[in-house]
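K.L.:
One structure follows; several queries about it will come next.
Residue numbers (full-length UniProt numbering): 1 to 809.
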């Protein structure tokens, strides 16, 4: 009774109690086991009342309203739980598919996140590529049926009321159980939504002790009944349904389906996961004695991380979450220690300062795909200035095998000792506050959200301090109009030896817990660490300096996004030598390439084997963009995703204002895709820019359509809001394309000659192409789009050809 109705017993609950974030990193506390709390509260009550615990009756601890029928129903619930055959229900509703024979053999772990498999293992595992692990997950419909069947058998039906009210409440609750199972990652189900359609009047166990069926319900009585029912419903969802799923299924996302969740039966998951871990452990880790690991963890601030496997198309990919806070027991109390990434944050700020102070130490590193455009622009300008723009270009793309996991640790530590240029660093922190966005509700009133607050930390050499105002103007205020900067006055001094010691501890003694055993990562750098990308970039810059120095010439452009190399050069000899060096590997740097992912635009053979060649008529792909091999124009890769793929990547928010949430997310999604390198007509040809703009709108239309498809029928936004959303997407795109960015390095000379009529026509065409598949449902929107197409249709034959070519390409 205390577990189901903690609020009535004065225990910690989600309704009136505050969460102590020193105990949990979750929004709500875990109530799986609360025996110590019950004993403590009971003792406090006895001390306060002066009663004796040994003579006090059982029922005096239960509120009067819950002593009669509610107590009997809870006893019946416990009896039904003990009599329920959970295993048989699981076998019936979620039968195991016949596992392929290969599932019992060691499978490949993703090469991008694990050590290489030996040649002998490769022969044995060749057929593993045909096995799609996600196909072995239970369908969500079967999981939902299993959960609903268990709840129907275990929860006494009298809990839901009498007569028609019982069947209505059960149907409403089971509908929400089904919705809970099909939720994507980051989506939530609120108790408020579940309670909306539940009827309270005919639930007899909620009535006061002396009430009759004909008694009228006062407002205070109604609120009390609702309070009790909310506690019961929350218990079923939080303390019954979630443990039921957790104890029968391994729930995980995949490497391909973004936010979609998959439910694997534990026996199936064990069959799939154990072979992958068998390969992973000896190749990357060495086992530590539990006593030694615990002693080491007790003496240092860095904790340990857990490793989990993420299913992908074929095989598994190991994932380590270094942002997770681990519970430890100190002085008889369980507390949360700081995550590894939070401990490493000051060190990251120090390395980030060295990145800006010593850019030459980074070689050809790119930190985002947007960094490629200034370098492409400068390279083409150099060719044009020397009259070499018409010469053919040779492109080669190579991807390093397991870049994070193959970096030699000793060589990396030696590099870091020479990297830090100051003896002391000062890490400061400031807040960036932006005003809330003002929106209108249906009544025309203003709905003001909370201001957006972002905390930013930055490091500098202790001898190079600047006043806060000057620092903001020079480094942080660019492009942040309307932002208020607040100095937190919180500073810390990081000594060079302390930084090096923490980095050495982090790299050489990265402790991972797999199952109940501790392991030390014996090669590579910790994946998921806040400093891993910077360490990898500094290390591979040394590789470029020592092994690829022949590319340091004006006719060559070498780019690298972490481990993805791209060479653009005028000389075929340099391109062939680059491919040859990388194919042979560089053992002292732990480098070997993924030969199956190599790509060139010319004929070349290495050790008698031809490297995959890109068709001459096509553009050259690199990290999600396409580069024209003749002009270096940058284009967006068309989105070939289906509506199902788009829905997997969404996070649908069913709030009190679902229409406004849809409107806001549509605009924010477009902002992310409106990178100016796709719309610079001073660099790209106009047809390329128009095609990029159409593809951008088409992706936005797919996301909008998928979002609307995921909303329930009673939460659909009205047609006028859809029209308003498309109109504002057009205005936003036009404003972002026309916005000057000359103040940013590498963007001088940017311009966009695309006009308002062209932008509107391409937007209307893209949304029409997507939404016409449901013409009846979106008839009003489609009519508005048709009017927009007619109004924006160009009069010039040449311009019409450009627009039709952009929409058709």
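Ideal placement from N, C-alpha and C gives every residue a C-beta, glycine not left out. Given the structure is predicted, the values throughout are model-derived calculations rather than measurements.
Which runs of the beta strand (DSSP E), 3 residues or longer, sit entirely within the region 508-558?
P.N.:
511-514 and 517-521
K.L.:
Any idea what DSSP makes of residue 413, helix, strand or coil?
P.N.:
For residue 413, the three-state secondary structure derived from DSSP is helix.
K.L.:
Give me the residue from 9, 414 and 22 with the minimum Cα distance to residue 34.
P.N.:
Residue 9 is the option with its Cα nearest to residue 34.
K.L.:
Which word fits residue 284, buried or exposed, when buried means at least 16 other C-beta atoms lie within 10 angstroms of its C-beta?
P.N.:
buried
K.L.:
Could you name the residues that DSSP lists as bridge partners for residue 138?
P.N.:
263
K.L.:
Alpha carbons only, please: which of 788, 752 and 22 is nearest the one belonging to residue 767?
P.N.:
Closest option to residue 767, Cα to Cα, is 788.
K.L.:
Do the region 251-268 and the region 134-143 make contact, defined as three or more Cβ pairs closer than 8 angstroms?
P.N.:
By the Cβ criterion, the region 251-268 is in contact with the region 134-143, since at least three pairs of Cβ atoms, one from each stretch, lie closer than 8 angstroms.
K.L.:
Which of helix, strand or coil does DSSP assign to residue 804?
P.N.:
helix
K.L.:
What does a CB cutoff of less than 8 angstroms around residue 6 pick up in its chain, not counting 5 residues either side in sequence?
P.N.:
12, 13, 31, 34 and 231
K.L.:
Kindly identify the DSSP beta-bridge partner or partners of residue 252.
P.N.:
Within the DSSP secondary-structure output, residue 252 pairs in a beta bridge with 262.
K.L.:
Can you tell me whether DSSP reads residue 424 as helix, strand or coil?
P.N.:
Residue state, collapsed to three classes: strand.
K.L.:
On the three-state DSSP scale, how would you describe residue 116?
P.N.:
Bear in mind that the predicted position of residue 116 carries a pLDDT of just 32, short of 50, making it too unreliable to give a figure here.
K.L.:
Would you grab the beta carbon distance between residue 172 and residue 197 for me? Rounded to a whole angstrom, and I think it's under 8 angstroms.
P.N.:
5 angstroms
K.L.:
Go to residue 320, then tell me how far its beta strand (DSSP E) extends in each direction, as first and last residue.
P.N.:
316-320
K.L.:
For residue 481, which option in 434, 511 and 167 has the closest C-alpha, if you only look at C-alpha atoms?
P.N.:
434
K.L.:
Comparing alpha-carbon positions, which option in 386, 336 and 644 lies nearest residue 23?
P.N.:
336
K.L.:
Distance check for residue 577 and residue 702, CA to CA, integer angstroms please.
P.N.:
43 angstroms
K.L.:
Ends of the beta strand (DSSP E) at residue 494?
P.N.:
484-495
K.L.:
Kindly give me the distance between the Cβ atoms of residue 146 and residue 89, rounded to whole angstroms, as I take these residues to be in contact under 8 angstroms.
P.N.:
6 angstroms
K.L.:
Buried or exposed: residue 798, going by 16 or more other Cβ atoms within 10 Å of its Cβ?
P.N.:
exposed
K.L.:
Please state whether DSSP places residue 585 in a helix, a strand or coil.
P.N.:
coil
K.L.:
According to DSSP, simplified to helix, strand and coil, what is residue 41?
P.N.:
helix
K.L.:
How is residue 430 classed by DSSP in three states: helix, strand or coil?
P.N.:
Shown here, residue 430 sits in a strand according to DSSP, grouped into three states.
K.L.:
Going by beta carbon distance, what residues of the same chain come within less than 7 angstroms of residue 545, once the five residues before and after it are set aside?
P.N.:
363, listed in sequence order.
K.L.:
State the Cα-Cα distance for the pair residue 66 and residue 304, rounded to the nearest angstrom.
P.N.:
45 angstroms
K.L.:
Indicate the three-state DSSP secondary structure (helix, strand or coil) for residue 106 in the structure shown.
P.N.:
Residue placement at residue 106 cannot be trusted, given a pLDDT of 40 that sits under 50; the coordinates are not used to answer.
K.L.:
Under 6 angstroms Cβ to Cβ from residue 736, same chain only, skipping five residues before and after it: list those, please.
P.N.:
Closer than 6 angstroms at Cβ, skipping near neighbours: 674.
K.L.:
Just the C-alpha distance for residue 605 and residue 761, rounded to the nearest angstrom, thanks.
P.N.:
47 angstroms
K.L.:
In the structure shown, what three-state DSSP assignment does residue 612 receive?
P.N.:
coil
K.L.:
In the DSSP assignment, the alpha helix (DSSP H) including residue 353 goes from what residue to what residue?
P.N.:
340-357
K.L.:
Enumerate in chain order the residues of its own chain whose CB-to-CB distance from residue 217 is below 6 angstroms, with the five nearest sequence positions on each side excluded.
P.N.:
none
K.L.:
Give the DSSP-derived three-state secondary structure of residue 626 in the structure shown.
P.N.:
strand
K.L.:
Would a C-beta distance cut-off of 8 angstroms place residue 557 and residue 394 closer than the cut-off?
P.N.:
no
K.L.:
Contact defined as beta carbons within less than 8 angstroms: I believe residue 169 pairs with residue 199. What is the distance between those atoms, to the nearest angstrom?
P.N.:
6 angstroms
K.L.:
When DSSP labels each residue in this structure, what does residue 153 get in the three-state scheme?
P.N.:
helix
K.L.:
Where does residue 753 sit, in a helix, a strand or coil, going by DSSP?
P.N.:
coil
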